[in-house]
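Protein chains in written order, with this note's numbering: chain A, -8 to 169; chain B, -8 to 169. Where a beta carbon is used, it is the ideal one built from N, C-alpha and C, also for glycine. Below you'll find the structure, written out as structure tokens, and then a few comments.
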């Protein structure tokens, strides 16, 4: 941050404001304080029969690797609406949310990743600007070495492990760098 | 947003960037795009014997009303660390997290509120700059008409209802304006 977006001043300091205990970008001319907080990524593990829906990323980062449909949670929506919207945008698929499933705190990039278990309302899906391929995979068919993100890998692993007992407990976990 | 915080230009448009589908603040001079996404508020329902810990707000909004310790989730921490930090800041208390409990999507203000059930490690707490009073309450003693936020009210109600069966299922809910 180089200029104050309220008054245009270049007199920006990264410092702890009065009464606070974390550094923020502060304008020493107009007094504006700029807070940045973690972003939430929301997505869905969408199942159909004994398969789950994956999409091959057509955008950076991790272009060409496989992921669950997911993206940044947006203003004005519920988390479930976010998961439904992202799934539609990335796979063309319509889903029903079944339950919340995994929540990861990624402290090194200040993100939360939140995945639902969902089901395809019908086996209808296809490529989109964000996904060069969209397909259903059984556990054995999943390209485990080509999964885009650790939170997606873990969510898939938990799902197939939990499928053995048909008990899908909600899980929270911290993901650290490295 | 009046000035671009990267280049200082006043040529800011609120429009849908190429490849996107939501309006963002965009600088037509340097091409910067500014995303604003929902914030997460994290807190804890802290129990000790048959009581829960409430704090009387010493800051706006809702100054003078009672709440559970909670505040904005910050960069670089896990959600559980956020709940522990906020509880310490607002009540001086040390807690152990027991489980995630409630998650509310507040679409009208683009916030998520996430509450854990926790326990006080010992009955030691007190006022802070953010809380004029901090105290333990049984269900009957809670000032139900003076609770600061609907998500706090609901979390407390769910907790005492669930206490009857000693089954505290994780819950998700949408809170709408009004």
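- Within the stretch -5 to 61 of chain B, the complete beta strand (DSSP E) segments at least 3 residues long are 3 to 6, 15 to 18, 30 to 39, 42 to 48, listed from N- to C-terminus.
- Sixteen is the threshold: when 16 or more other Cβ atoms of the shown chains lie within 10 Å of the Cβ of residue 91 of chain A, as they do, the residue is buried.
- Contacts between residue -6 of chain B and chain A, judged by CB atoms closer than 8 Å, involve -6, -5, -4, -3, -2, -1 in chain order.
- Scanning its chain for C-beta atoms nearer than 7 Å, with the 5 sequence neighbours on each side dropped, one finds around residue 123 of chain A the residues 47, 49, in chain order.
- Taken atom to atom, the span from the alpha-carbon of residue 69 of chain A to that of residue 33 of chain A is near 10 Å.
- Considering only A:96, A:121, A:107, the residue with the shortest C-alpha distance to residue 54 of chain A is A:121.
- Uninterrupted beta strand (DSSP E) stretches at least 3 residues long and entirely within the stretch 71 to 108 of chain B occur at 86 to 97, given in chain order.
- Exclusion of the five residues before and after residue 64 of chain B leaves 31, 33, 73 as the residues of its chain whose Cβ lies within less than 6 Å of its Cβ.
- Taking 9 Å as the upper bound on Cβ-Cβ separation, chain B lies near residues 25, 26, 27, 28, 29, 30, 31 of the stretch 21 to 48 of chain A.
- Taking every protein chain shown into account, the CB of residue 21 of chain A has fewer than 16 other CB atoms within 10 angstroms, so this residue is exposed.
- Residue state for residue -7 of chain B is assigned as coil, using DSSP reduced to three classes.
- By the 16-neighbour rule on beta-carbons within 10 angstroms, residue 57 of chain A is buried.
- Burial of residue 29 of chain A is indicated by the presence of at least 16 other C-beta atoms within 10 angstroms of its C-beta.
- For residue 66 of chain A, the residues of chain B that pass the 7 Å Cβ criterion are 27, 28, 29, 101, in the order they occur in the chain.
- Proximity of chain A to residue 96 of chain B at the Cβ level (cut-off 7 Å) is accounted for by 69, 70, in chain order.
- Under DSSP, residue 124 of chain A forms a beta bridge with A:47.
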